[in-house]
Each structure stands twice: as structure tokens, then as C-alpha cells.
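Asker: Here it is, the structure, as C-alpha cells.
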Amino acid sequence: MDLDELGAAMLKMGIKVQDDELARMIEEADVHGKLWRVTCKNRLGEVGFTLKMTVLEGASELSYASQDVFCKLNEKLVPLKVARIRGAAPFTYSIEPELPSGMWIDAKTGTVQGRPTYETAKVMYTVTAANAVGSTQGHFEIQVIIGPTELVMEHPSTIYKAGDLGLPAWKRARAQMIHQLGAELSLESVKERAMDLFKRIDEDGSGEVDHIELRGALASWGVKVSDQEAIEMIVEVIDCKEEQVREGQGIGEQDFGRVVEQLYTGHKSGADMFKVDPKGEWVGTSHGILSVQGTPPFIFAVEPTLPDGLVMDTETGE
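In the numbering used here, the protein residues as written are 142 to 459.
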């Protein structure tokens with residue numbers, strides 16, 4: 142009769158006992174000892190011996206605190222401990238295959254620890270825990286990795302070439318805008334106001350405004366610029382020729398926002414390595430990762446936030 146059967150039998154008699162309590166009761170009963178006398182006899186006499194039986198719960202349900210473990214090369218591993226095991230102690234633990242160099246398992250507690258000394262691929266390990274009457278197995282994966290070092294960008298220079306709005310006309314326009322909007326607005330608030338203004342002036346819904354409409358939009362904010370200055374603003378943002386702007390080349394909502402942002406912040410951003418094509422997509426040379434030391438895969442991130450329209454691929458770093 143195993144523990145489950147014994148528990149069910151006791152429950153029928155109105156006695157409810159937990160499995161671990163049953164195991165303890167059986168072990169305690171055995172400590173005090175119960176002896177059985179076995180005899181064999183015939184007409185001339187008998188012989189016998191005293192039998193003492195021990196009832197133990199076999200090992201079962203072995204599991205560890207984590208089943209997917211990453212270890213850093215040459216750094217001490219946070220000990221990986223047994224999270225659960227059933228059965229009568231003591232247990233003896235063993236592991237297959239052999240752990241990476243510098244790591245070991247404690248045969249009495251099952252704890253895996255150490256300081257790995259070489260890089261490995263991910264390997265599935267099987268731990269066997271055994272007591273006097275049975276054994277059970279638990280599994281987990283370990284990979285020893287090298288932390289990322291020596292990150293080198295293919296193009297470490299800045300993407301945008303920024304310059305101060307040194308021309309008198311730009312300075313005057315900027316002063317007028319700050320006077321109208323105030324000097325304490327966040328850049329996000331300025332962008333939101335620019336989007337609202339663009340939607341108001343884009344009456345035909347074309348998604349573009351020309352230099353005349355740009356001039357009128359700025360004038361509604363008290364920012365007075367000439368036709369030539371409005372043309373120069375568009376040329377600066379989309380990097381085109383003045384003739385194209387005079388003939389009706391316009392700018393979309395995103396570029397309109399850039400004009401407002403440049404005026405408010407006092408910087409103009411001429412495209413250095415990137416340009417915007419008519420479809421609004423970035424073209425040019427991307428900034429890739431030349432080299433990085435360590436165990437892939439990597440997750441890349443960048444701070445602070447990149448300029449509008451630029452993104453970093455979190456898998457490649459490009």
C-alpha cells in the first residue's frame with residue numbers, strides 16, 4: 142500500500158491526513174520499531190528470526206528553482222537550488238552530463254554552484270535524486286555566455302549636422318515664435334501645436350503646404366517671414382532646390398513640424414548622411430555595428446531618443 146492508498150483508506154474511516162504527515166507518521170512508527178516474529182516448525186521443533194520492516198516513501202517530484210539558466214563566464218553562479226522534492230530523506234544527488242568546468246553539484250543537497258571557466262552552448266542536464274527505496278529525476282538547461290564588450294559602431298559620427306540659426310531673419314522669426322508661445326514649453330508640446338496648426342491650414346486635405354501657406358501659418362502665430370525666408374525654411378528641411386519650392390514643392394506634416402521645432406529650439410538640422418525621398422522614406426547609409434565581442438544574441442538600445450524618423454533595430458543594432 143502506497144501513501145495515496147493509505148490516505149484514502151484513512152479518509153474512509155473519517156481521518157484526513159496530509160501526505161507529508163503520513164510519511165512522518167510512518168517514519169516515526171518505525172523509529173520506535175515494530176517487530177515481527179517469523180517461525181518455521183515441524184513435529185520436532187521450530188526455528189525463527191525477528192523481522193523489522195522499514196516503510197519509506199520513494200523519491201519523487203524533483204524540480205529546481207529555474208529550468209533555464211544563463212551563467213556569465215568567470216563569474217560566480219548564484220546557487221541553483223532544489224525547489225521541491227518528495228520522499229524520505231536523506232537523498233543522494235548526481236548529474237548527467239558533466240557540468241562545465243568550474244561548476245559542480247552538491248551530492249547531499251542537490252545545489253548547483255561554481256564559477257564557469259569556458260563558454261558553452263545551451264545543454265540540457267538531468268539530475269537524479271535517490272533515497273533508500275527509489276529515485277526521481279529533474280531537468281534544467283545551462284548556457285555559459287560571454288558578456289558584451291568592445292562595441293564598435295561602423296559610423297561613430299553624428300547623423301545630423303546641427304548649426305545655430307545665425308541668420309538675422311531666422312533669429313527674428315525665432316524671437317517672435319518664443320514671444321508668441323512662451324519659452325517654457327516642452328518640445329513635445331511644440332510638436333503637438335505644430336500638428337494642430339498644420340491640420341488647420343491644410344484645407345484641401347492634400348497633406349502638404351507650400352511656402353505661401355507656410356508663411357501664412359507662421360503669421361497666425363505672430364511670426365512674420367518673407368516669401369524668400371519661407372522658401373529657405375522648406376529648402377533647409379527637405380534639402381531641395383529653391384526653384385522646386387517656387388514652383389509649388391510643399392512639405393508634409395512631419396517636415397512642417399521640423400520647421401516649427403527648428404525655430405523654437407534655435408537649431409537647424411540639415412541632412413548630413415540621410416535625405417528624405419518624395420515618399421517620405423529615409424535613404425542613405427545606415428549606421429551598422431562593426432563589431433561586438435560576446436555571446437549572441439544581443440539586444441541593442443540607444444539613449445537619448447533618436448531624431449524623428451530614425452529607429453534602431455534592437456536585434457542588429459543598425
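Beta carbons are placed, not taken as given, at the ideal position from N, Cα and C, and that holds for glycine.
These numbers come from a predicted model, not from an experiment.
Given this structure, state the Cα-to-Cα distance separating T269 from K213, to the nearest angstrom.
Answerer: 25 Å
Asker: Where do the N-terminal and C-terminal ends of the beta strand (DSSP E) with E202 fall, by residue?
Answerer: Going by DSSP, E202 is part of the beta strand (DSSP E) stretching over 201-205.
Asker: Measure from the alpha carbon of A314 to the alpha carbon of each residue in D368, G389, P231, W245, then state which is nearest.
Answerer: The shortest C-alpha to C-alpha distance from A314 to any of D368, G389, P231, W245 is the one to D368.
Asker: Whose CA, out of G458, G398, Y405, lies closest to the CA of G323?
Answerer: Y405
Asker: Using the rule of at least 16 other Cβ atoms within 10 Å of the residue's Cβ for burial, across every protein chain shown, is N183 buried or exposed?
Answerer: Under the 10 Å beta carbon count, N183 is surrounded by fewer than 16 other beta carbons and is classified as exposed.
Asker: Report the partner residues of K182 according to the DSSP bridge assignment.
Answerer: The beta-bridge partner set that DSSP reports for K182 consists of E187.
Asker: In terms of alpha-carbon separation, which member of E444, P438, I392 lies closest to G288?
Answerer: Nearest of E444, P438, I392 to G288, Cα basis: P438.
Asker: Should T290 be listed as close to the ligand NAD, given that the test is whether its C-beta is under 7 Å from any heavy atom?
Answerer: The model on display carries no ligand, and the ligand NAD is accordingly not part of it.
Asker: For S204, which residues from the same chain have a beta carbon less than 7 Å from its beta carbon, with the 5 sequence-adjacent residues on both sides left out?
Answerer: Excluding positions up to five away in sequence, the list reads A224, R225, G279.
Asker: Tell me whether the beta-carbon of V219 lies closer than 8 Å to the beta-carbon of Y259.
Answerer: Cβ atoms of V219 and Y259: not closer than 8 Å.
Asker: Going by beta-carbon coordinates alone, are I392 and I379 separated by less than 8 Å?
Answerer: yes
Asker: Which class does A224 belong to by DSSP, given the choice of helix, strand or coil?
Answerer: strand
Asker: Which residue comes first and which comes last in the alpha helix (DSSP H) that contains G357?
Answerer: Counting along the chain, G357 sits inside the alpha helix (DSSP H) bounded by residues 352-360.
Asker: May I ask you to report which of helix, strand or coil DSSP gives E377?
Answerer: helix
Asker: In terms of residue numbering, what span does the alpha helix (DSSP H) encompassing E216 cover?
Answerer: In this chain, E216 is not harboured by any alpha helix (DSSP H), its DSSP state being neither H nor E.
Asker: Along the chain, where does the beta strand (DSSP E) containing M244 start, and where does it finish?
Answerer: 244-246
Asker: Please classify R387: is it buried, with 16 or more other beta-carbons within 10 angstroms of its beta-carbon, or exposed?
Answerer: exposed
Asker: Would you grab the beta carbon distance between E370 and V376 for me? Rounded to a whole angstrom, and I think it's under 8 Å.
Answerer: That belief does not hold up - the Cβ atoms of E370 and V376 are roughly 11 Å apart, past 8 Å.
Asker: Entirely within the stretch 312-343 and at least 4 residues each: give me those alpha helix (DSSP H) ranges in chain order.
Answerer: 328-342
Asker: Candidates I353, C381, D209: which alpha carbon is nearest S265's?
Answerer: Reading the sequence as shown, one finds Met at residue 265 and not Ser. Out of I353, C381, D209, the CA that lies nearest to the CA of M265 is found in D209.
Asker: Mapping DSSP to helix, strand and coil, what is F397?
Answerer: helix
Asker: Where does Q321 land, buried or exposed, given buried means 16+ other C-beta within 10 angstroms?
Answerer: Its Cβ having fewer than 16 others within 10 Å, Q321 is exposed.
Asker: Measure the alpha-carbon distance for A358 versus G398 and round it to whole angstroms.
Answerer: When rounded, the distance between both Cα atoms is 12 Å.
Asker: Please report the straight-line C-alpha distance between R227 and E198, rounded to a whole angstrom.
Answerer: 8 Å
Asker: Just how far apart, CA to CA, sit V179 and S201?
Answerer: 33 Å
Asker: Indicate whether G458 and T290 have their beta-carbon atoms separated by less than 8 Å.
Answerer: no
Asker: Identify whether A270 lies in helix, strand or coil by the three-state DSSP scheme.
Answerer: strand
Asker: List the DSSP bridge partners of Y234.
Answerer: DSSP output for Y234 lists A270 as bridge partner(s).
Asker: How many Å lie between T195 and G275 at the Cα?
Answerer: Annotation: T195 to G275 spans about 14 Å, alpha carbon to alpha carbon.
Asker: By DSSP, does T277 sit in helix, in strand, or in coil?
Answerer: Of the three classes helix, strand and coil, the one that applies to T277 here is strand, per DSSP.
Asker: Starting from the C-beta of A271, find all residues in its chain whose C-beta is less than 7 Å away, skip the five residues before and the five after it, and write them out in chain order.
Answerer: A200, F232, T233
Asker: Report the residue from I283, V401, K312, E282 whose alpha carbon sits nearest the alpha carbon of L326.
Answerer: V401
Asker: DSSP three-state call for E282: helix, strand or coil?
Answerer: strand
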